[in-house]
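S.K.: Going by full-length UniProt numbering, the residue at position 207 of the sequence shown is 207; the numbering climbs one at a time, nothing skipped.
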Amino acid sequence: KHPKATKKPKEKQPKATKKPKEKPPKATKKPSGGKRPKIPPPTQPYEEEERYWQPERPLIPPPAEKDYDLPETSRIASPYDEEEERSRTYGERDKGKCYWLADRVASHSARGAHLPRTPSRLVPSPAASPEPPNLKSDPPIPTHDRLLPLYGPGRRNPPAWSNPPSATLALTLPLSPPGAGKPKKGGSSKEEEEVDTDDDKWAEEKTKERKGECGAASLNHVLSGSAPPIGMESHRIEDDQILASSMLRHGLGAQRGRLNMQAGSNEDDFFDGAWCAEDDTRAHWIEVDTRRTTKFTGVITQGRDSQIHDDFVTAFYVGFSNDSQNWVMYSNGYEEMLFHGNVDKDTPVLTEFPEPVVARFIRMYPQIWNGSLCMRLEVLGCPLSTVSSYYSQQNEVTSTDNLDFRHHSYKDMRQLMKVVNEECPSITRIYNIGKSSRGLKIYAMEISDKPGEHELGEPEFRYTAGLHGNEVLGRELLLLLMQFLCKEYQDGNPRVRSLVTETRIHLVPSLNPDGYEIASQAGSELGNWALGHWNEEGYDIFENFPDLASVLWAAEERKWVPHRVPNHHIPIPEHYLAEDAHVAVEVRAILAWMEKTPFVLGANFHGGEKLVSYPYDMARPPREGEGEAAAGRSPDDYEDENLEAQETPDHAIFRWLAISYASAHLTMTETFRGGCHTQDMTNGMGIISGAKWHPRVGSLNDFSYLHTNCLELSVYLGCDKFPHASELQQEWENNKESLLTFMEQVHRGIKGVVTDQQGDPIANATIIVGGINHNMKTASSGDYWRILNPGEYRVVARAEGYNPSVKTCTVLYDIGATQCNFILSRSNWKRIREIMAMNGNRPIRRIPPGRPMTPQERMRLRQRMRQRMRLRQQISTTFAPWSQLPPTAATWETETYTELETVTELVTELVTEAEAGAWEVGTGTAQPLTTAETYTVNFGD
Numbered sequence: 001k002h003p004k005a006t007k008k009p010k011e012k013q014p015k016a017t018k019k020p021k022e023k024p025p026k027a028t029k030k031p032s033g034g035k036r037p038k039i040p041p042p043t044q045p046y047e048e049e050e051r052y053w054q055p056e057r058p059l060i061p062p063p064a065e066k067d068y069d070l071p072e073t074s075r076i077a078s079p080y081d082e083e084e085e086r087s088r089t090y091g092e093r094d095k096g097k098c099y100w101l102a103d104r105v106a107s108h109s110a111r112g113a114h115l116p117r118t119p120s121r122l123v124p125s126p127a128a129s130p131e132p133p134n135l136k137s138d139p140p141i142p143t144h145d146r147l148l149p150l151y152g153p154g155r156r157n158p159p160a161w162s163n164p165p166s167a168t169l170a171l172t173l174p175l176s177p178p179g180a181g182k183p184k185k186g187g188s189s190k191e192e193e194e195v196d197t198d199d200d201k202w203a204e205e206k207t208k209e210r211k212g213e214c215g216a217a218s219l220n221h222v223l224s225g226s227a228p229p230i231g232m233e234s235h236r237i238e239d240d241q242i243l244a245s246s247m248l249r250h251g252l253g254a255q256r257g258r259l260n261m262q263a264g265s266n267e268d269d270f271f272d273g274a275w276c277a278e279d280d281t282r283a284h285w286i287e288v289d290t291r292r293t294t295k296f297t298g299v300i301t302q303g304r305d306s307q308i309h310d311d312f313v314t315a316f317y318v319g320f321s322n323d324s325q326n327w328v329m330y331s332n333g334y335e336e337m338l339f340h341g342n343v344d345k346d347t348p349v350l351t352e353f354p355e356p357v358v359a360r361f362i363r364m365y366p367q368i369w370n371g372s373l374c375m376r377l378e379v380l381g382c383p384l385s386t387v388s389s390y391y392s393q394q395n396e397v398t399s400t401d402n403l404d405f406r407h408h409s410y411k412d413m414r415q416l417m418k419v420v421n422e423e424c425p426s427i428t429r430i431y432n433i434g435k436s437s438r439g440l441k442i443y444a445m446e447i448s449d450k451p452g453e454h455e456l457g458e459p460e461f462r463y464t465a466g467l468h469g470n471e472v473l474g475r476e477l478l479l480l481l482m483q484f485l486c487k488e489y490q491d492g493n494p495r496v497r498s499l500v501t502e503t504r505i506h507l508v509p510s511l512n513p514d515g516y517e518i519a520s521q522a523g524s525e526l527g528n529w530a531l532g533h534w535n536e537e538g539y540d541i542f543e544n545f546p547d548l549a550s551v552l553w554a555a556e557e558r559k560w561v562p563h564r565v566p567n568h569h570i571p572i573p574e575h576y577l578a579e580d581a582h583v584a585v586e587v588r589a590i591l592a593w594m595e596k597t598p599f600v601l602g603a604n605f606h607g608g609e610k611l612v613s614y615p616y617d618m619a620r621p622p623r624e625g626e627g628e629a630a631a632g633r634s635p636d637d638y639e640d641e642n643l644e645a646q647e648t649p650d651h652a653i654f655r656w657l658a659i660s661y662a663s664a665h666l667t668m669t670e671t672f673r674g675g676c677h678t679q680d681m682t683n684g685m686g687i688i689s690g691a692k693w694h695p696r697v698g699s700l701n702d703f704s705y706l707h708t709n710c711l712e713l714s715v716y717l718g719c720d721k722f723p724h725a726s727e728l729q730q731e732w733e734n735n736k737e738s739l740l741t742f743m744e745q746v747h748r749g750i751k752g753v754v755t756d757q758q759g760d761p762i763a764n765a766t767i768i769v770g771g772i773n774h775n776m777k778t779a780s781s782g783d784y785w786r787i788l789n790p791g792e793y794r795v796v797a798r799a800e801g802y803n804p805s806v807k808t809c810t811v812l813y814d815i816g817a818t819q820c821n822f823i824l825s826r827s828n829w830k831r832i833r834e835i836m837a838m839n840g841n842r843p844i845r846r847i848p849p850g851r852p853m854t855p856q857e858r859m860r861l862r863q864r865m866r867q868r869m870r871l872r873q874q875i876s877t878t879f880a881p882w883s884q885l886p887p888t889a890a891t892w893e894t895e896t897y898t899e900l901e902t903v904t905e906l907v908t909e910l911v912t913e914a915e916a917g918a919w920e921v922g923t924g925t926a927q928p929l930t931t932a933e934t935y936t937v938n939f940g941d
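1) I believe R256 touches G273 by the beta-carbon criterion, under 8 angstroms. Please report the beta-carbon distance rounded to the nearest angstrom.
2) Quick one: grab the DSSP three-state call for S409.
3) Looking only at C-alpha atoms, which of S372, R696, F270 sits nearest to G303?
4) Do you know offhand how far G469's Cα is from D239's?
5) For G298 versus F353, is the C-beta spacing smaller than 9 angstroms?
6) From L507 to M445, what does the alpha carbon distance come to, in whole angstroms?
7) Whole angstroms is fine: what's the gap from V358's alpha carbon to L377's?
8) Using 8 angstroms as the cut-off, can you tell me whether the segment 738-750 makes contact with the segment 554-570, which would need three or more C-beta pairs spanning the two stretches below that distance?
9) Starting from the N-terminal side, write out each stretch of the beta strand (DSSP E) that is 3 residues or longer and does not extend beyond the segment 803-858.
10) Which residues does DSSP pair with W275 in a beta bridge?
11) By the three-class DSSP mapping on this structure, what secondary structure does F703 have?
12) If you drop the 5 nearest sequence neighbours on each side, which residues of the same chain put their C-beta closer than 6 angstroms to that of K807?
13) Mapping the DSSP letters down to three states, classify E712 as helix, strand or coil.
14) According to DSSP, simplified to helix, strand and coil, what is Y576?
15) For the pair the segment 487-499 and the segment 533-542, tell me if three or more CB-CB distances fall below 8 angstroms.
16) Please name the residue in N683, N775, F672 whose C-alpha comes closest to that of N709.
17) Looking at V587: is its Cβ nearer than 9 angstroms to the Cβ of A519?
18) Need the endpoints of the beta strand (DSSP E) that R475 sits in, please.
19) Note down, in chain order, each residue of its chain lying with its Cβ closer than 8 angstroms to the Cβ of T741, except the 5 sequence neighbours on either side.
20) Assuming the contact rule is C-beta atoms closer than 8 angstroms, Y443 and I430 should be a hit. Round their C-beta distance to whole Å, please.
21) Using only the alpha-carbon positions, how far apart do I427 and K418 sit?
22) Use the C-beta contact count for H582: other C-beta atoms within 10 angstroms, 16 or more gives buried, fewer gives exposed.
23) Run through DSSP, which three-state label would D239 get?
24) Judging by CA-CA distance, which residue of Q679, S699, P852, M859 is the nearest neighbour of G264?
25) Just the C-alpha distance for D540 and S245, rounded to the nearest angstrom, thanks.
26) Measuring only the C-alpha atoms, how far is A779 from I570?
27) Alpha helix (DSSP H) containing S663: first to last residue?
28) Between T682 and the rest of its own chain, which residues show a CB-CB distance below 6 angstroms, the 5 nearest in sequence each way excluded?
29) Three or more beta-carbon pairs under 8 angstroms between the segment 319-326 and the segment 359-370, yes or no?
30) Check each candidate in V318, D401, D268 and name the one with the smallest Cα separation from E731.
31) What do you get for G251, buried or exposed, if any count of 16 or more other CB atoms within 10 angstroms of its CB means buried?
32) Quick one: what does DSSP say Y614 is sitting in, helix, strand or coil?
33) By how many angstroms is the C-alpha of N803 removed from the C-alpha of A725?
34) What's the C-alpha gap between N841 and A817?
35) Check whether the Cβ atoms of I433 and T351 lie closer than 9 angstroms to each other.
36) State the Cα-Cα distance for the pair S306 and E267, rounded to the nearest angstrom.
Structure representation (structure tokens):
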């Protein structure tokens, strides 16, 4: 009987003319004709409304028609008996897979069903707040089997008869959860069979929640068994879907009432940290329009984000509506239920309803608060129909990839990586780069056609995530990327095969496993903004790297670059490498990993915003003389006037790389969404310099650029740091193309090998590109990679003891680096440096011949010659100046320079007395008394 009762309303509902024939029993069981004389007894209000608006149906987009298919709820009085009502209510709706646990409902019913009510404090007065209905003063009218009439988008206001001014609707909530009468989860058995029949090796790792399900079944979430968030924090709920009765000012409007909303640097600007009402009366409310029929299961509340104020709501009522005019207060059967809120401003508090409510609008009525009336919130609910907006529905993407879409603990992550390695052993390798503060290994997966081996000419690429333990989306994306690359490589995807064959890919899903374990204990929504952000020792791993930008800029001010201080591979300060230095254990492991592997390109994933950030991350301080001028200007004005000072020499290349990721992302460049917490600093492009957006010192990006060959960027994946497991499919589709496109950029620019004339590779040779004041070095095997934008470049290769080589290399727009190899010949610079070392490494000035010496110069020359004579006399007993005998072992160390090879050259320099005088004056060094001297110079290494 259950399937018949379920299908019966669904078959006849689209035909409004036939509905009255099915509903006559309701009119006989509910004698409501006397109380509502305007409505004929045999016709229900929602049926009359559908006939009234029948001519306007062609104007509504097709997806919106499902909004009128309002599911029934067991909390409304119904002519059906209890068992039939449950079957009819939940039979079709079980497709949404939104269930609640019986023990959870029982505990909440026992805790909140009989809360005491103080009318003077908890119920708003009718004069001050007409919206919250007073259920004690107005008798409830008989209700029908639907909650309220639903009005779709584009319709006019509901008829006057649908909203009687003196009538209110009361929810009759059972004090016990639905028990034996509730059927089993419809459709779950079929999907379990699909999981059991899956042939791939990681079928056991997959979650039981399948496509189209609502609610997370993962044990990693404190919301297990409850509905997922509707998207307040993630901004899937847009600003115009949030409405409030009032606001204190624009910076505290309804759109600021999202969970974990962060205040700007100035709390008095347009971007404050909560919604605040204009006064301290109980007449205020904040509501959310989901634009679809939704089963609401609870709310999460939070106080105001502020360094000054301590504002949060401690108790509130909840109301529901389908048209934003008729509001039904959540009741336990005889009075409104008062829900308890926060005890501080930062910790989110979950409030679950004893039983879900089906509606479109939800409204919060704060009753008791601390400080000012301010709050942030998230709503939990399962969508039961398609979104009302036709265009919003087009943005909803369902992944077709058969991957493991769930959150993974440390143990689950390790197990999944092992399964992927067993599935694709020929292209994967698991290793660890070190340990965390708690001793957890930091695992990495290498994906290449020859794992464990650096191939000549093959670039090294890295993706890292989890530097902040509570920003978990990057962690899950890398785990999904491992599975995707393995599967697609086996299926013969030419794009993936080319990427794996020509690139050595390193994926590190969690650089801060300690922080993740802390954040995962609170769950996806109940952890505050900072829980798990730092490592076990309290370090921010991303900002714990050596500050090399200050070293470079100080050297540039003294004009020491590049003669005394290089513009690349700046050495790490000694104090940073000391054992007692304040350096995180994870950072030391990352440094050793970066020194060992010649990375070319990389990105690290974060959360809390949606953009791509590139170096510099540190803001350059004003130069001498500019401090006073910059003091009177705002930081934005100073940055606009000093853009070049904030940019790296590879600024254009970094922008290209950032745009390659942001433009391939499905939502990152949507200009109408704005920023997550403040205004959109990217101007709709989705990319920005870190120094302009969020200046910080000692970041991983700046260190990687100034100390290694790797160009590193930061990708901020979304407003929600810890998204619900049900959102992972959508996030994977948003980022999948970006992940692949960014990896392909490692093959853009030039590459090659630097060797000598014998074909031996030259390590640590410098690659100089004309017009870019930042050089690169070759790896130990002599190969190099230089990412460049399309164009023609003059490239120079230099190495110690070799003559430089110059070439002109052209970079095309197509993916594929241009081959530019260099062969260097040996030079006599080593011999010249040895001769200069004998002169104390002081410059030798050339004196024009024929110029007479002044008396002072002659006097100084005689004094130096006498001093030189005394020094010669002291060593004359060991080796005579004119002796041509081979030197002994004792004299070999004092008068010759030895090397590994035996090839030597005797250089005889004849010096006349006139030349000696001139040379003495120019250099300031005493000339030997002999007119001929022999030096032994070696050209070997």
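We put the CB at the ideal spot given by N, CA and C, even for glycine.
M.R.: Answer, in terms of the structure:
1) Indeed, because the Cβ distance is near 7 angstroms, the residues count as touching under 8 angstroms.
2) coil
3) S372
4) Approximately 29 angstroms, taken between the alpha carbons.
5) yes
6) 5 angstroms
7) Rounded to whole angstroms, V358 to L377 spans 19 angstroms at the Cα level.
8) In this structure the segment 738-750 does not touch the segment 554-570; the number of beta carbon pairs closer than 8 angstroms is below three.
9) Those beta strand (DSSP E) runs which fall completely within the segment 803-858 and span 3+ residues are 805-811, 822-824.
10) M375
11) helix
12) The answer, listed in chain order, is V795, C820.
13) strand
14) In the structure shown, Y576 sits in a helix (DSSP, three-state: H, G or I).
15) no
16) N775
17) no
18) Looking at the DSSP string, R475 is not in any beta strand (DSSP E); the run it does join, the alpha helix (DSSP H), is 473-491.
19) S660, Y661, A664
20) About 6 angstroms separates the two Cβ atoms, so the contact holds.
21) 13 angstroms
22) Label assigned to H582: exposed.
23) helix
24) Q679
25) 40 angstroms
26) Here the alpha carbon of A779 sits roughly 16 angstroms from the alpha carbon of I570.
27) For S663, the enclosing alpha helix (DSSP H) covers residues 651-664.
28) L611, I688
29) yes
30) The residue with the shortest Cα to Cα distance from E731 is D401.
31) buried
32) strand
33) 59 angstroms
34) 42 angstroms
35) no
36) Computed Cα separation, rounded: 7 angstroms.
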